[in-house]
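Just remember that the numbering used here sits 737 ahead of the position in the sequence shown, which is counted from 1.
Yeah, the Cβ is synthetic: ideal placement off N, Cα and C, and Gly gets one too.
The structure presented is a predicted model; accordingly, all values stated were derived computationally and were not measured.
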Amino acid sequence: MENKKDYGKIRREYLGAPLDLDQLHSDPIVQFQAWFEDALNAAVIEPNAMSLATVDDRGMPDVRIVLFKGLSKGKITFFTNYNSKKALEMKQNSGIALVFFWAELARQVRVRGKVSQLSRAESDEYFQSRPRYSQIAAWASAQSKVLADRKELEDNFAFYLKKIGEDAPVPTPEDWGGYVLDATEWEFWQGRENRMHDRFRYSLQENDQFTIERLNP
Ligand SMILES: Cc1cc2nc3c(=O)[nH]c(=O)nc-3n(C[C@H](O)[C@H](O)[C@H](O)COP(=O)(O)O)c2cc1C
C-alpha cells in the first residue's frame, strides 16, 4: 500500500552566513581544515563521516560512508579492508569522489581525485591506535563477503581473540589499510536563504595551482 505521508513536503531553510571569494583560502586543504574545525566547534555529529563513491568494472557507481582519518602530507586519508568491494573497485579505477555533509552548518564539501594505498607504516600506525576489539574485528571480518549467519562472524571474532591472545599486540591484517586521496577538484557549498546558496569550485591546473570559480547553486 502506498504511504500517504507526503515526504516531499519536508523542507528546511538553509540560513548560512554569506560565503565570498575573499573569505576562501587559496589552498583547498587549508579551507577544508578551517571548515572541519568549524564542524568540530559546532558539535556536528560525526563530522568525520564522508560518503565515498567508486565505480565498478561495468561503470556502475557505488557509494558508502567511511570515516575521514586525518591528513597525510596534506591529503585526505581513510581506512578499510583491501579485499572489500570498494577496494576492488578502487584497484580497477582509482578515481573516487567524497562528500561531507554538515547539516548543522548547512555545508557540503565535495572532493574528487585519484586514490592510492597508504604506506604500510602509516596503516600500522593508525591500526595500532584502534581499540583492541576493533582490531580483532578487522581480523574477523572478510569485509563485503557473504556470511551464512551472524554466528559465523562471532565465531571468527572468538577464533582470532583466542589465536592472538588477550594481551598480545594485534598485528595489522595484510588485507587491511589506508588510502590517500590526490585531490584535483574540491567544492565548498554553503546553504543560504531561499535556495540561493554559495558554491565555489577549486580545480587543479597544470601549474599545480588551484583556480577558484563561483558556481550557480
Ligand atoms: C558512520 C559509518 C562509518 C563507517 N566507517 C567505515 C570506515 O571507516 N571504513 C570502512 O571500511 N567501512 C566503514 N563503514 C562501513 C561502510 O559504509 C561499508 O558498509 C563497508 O565498508 C563495506 O563497503 P563495500 O562493500 O562497498 O566495500 C562505515 C559506515 C558508517 C555508517
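Distance cut-off 8 Å: residue i Cβ against heavy atoms of ligand 1
i           : result
residue 873 : no
residue 829 : no
residue 898 : no
residue 879 : no
residue 812 : no
residue 799 : yes
residue 841 : no
residue 803 : yes
residue 824 : yes
residue 947 : no
residue 860 : no
residue 909 : no
residue 806 : yes
residue 818 : yes
residue 776 : no
residue 783 : yes
residue 786 : yes
Distance between residue j and residue i (C-alpha atoms, nearest Å)
i           : j           : result
residue 768 : residue 927 : 13 Å
residue 784 : residue 837 : 8 Å
residue 936 : residue 765 : 13 Å
residue 866 : residue 872 : 9 Å
residue 788 : residue 896 : 32 Å
residue 807 : residue 747 : 34 Å
residue 830 : residue 741 : 42 Å
residue 932 : residue 952 : 13 Å
residue 826 : residue 868 : 28 Å
residue 889 : residue 881 : 14 Å
residue 751 : residue 773 : 19 Å
residue 887 : residue 822 : 20 Å
residue 885 : residue 864 : 28 Å
residue 870 : residue 813 : 25 Å
residue 809 : residue 855 : 9 Å
residue 839 : residue 903 : 39 Å
residue 954 : residue 743 : 25 Å
Presumed contact (8 Å Cβ cut-off) between residue i and residue j, rounded CB distance
i           : j           : result
residue 920 : residue 841 : With 8 Å as the limit, residue 920 and residue 841 do not qualify as a contact, their Cβ atoms being about 24 Å apart.
residue 924 : residue 847 : 4 Å
residue 849 : residue 834 : 5 Å
residue 917 : residue 853 : 6 Å
residue 860 : residue 811 : With 8 Å as the limit, residue 860 and residue 811 do not qualify as a contact, their Cβ atoms being about 18 Å apart.
Residues that DSSP places opposite residue i in a beta bridge
i           : result
residue 918 : 852
residue 808 : 813
residue 941 : 947
residue 802 : 788
residue 834 : 790, 849
residue 867 : Bridge partners of residue 867: none, in fact.
residue 818 : 913
residue 924 : 847, 938
residue 839 : 844
residue 898 : Answer is none; residue 898 lacks a bridge partner.
*Touch test, the stretch 812-825 against the stretch 897-908, Cβ-Cβ under 8 Å, three pairs minimum*: The stretch 812-825 and the stretch 897-908 do not touch, with fewer than 3 CB-CB distances between them shorter than 8 Å.
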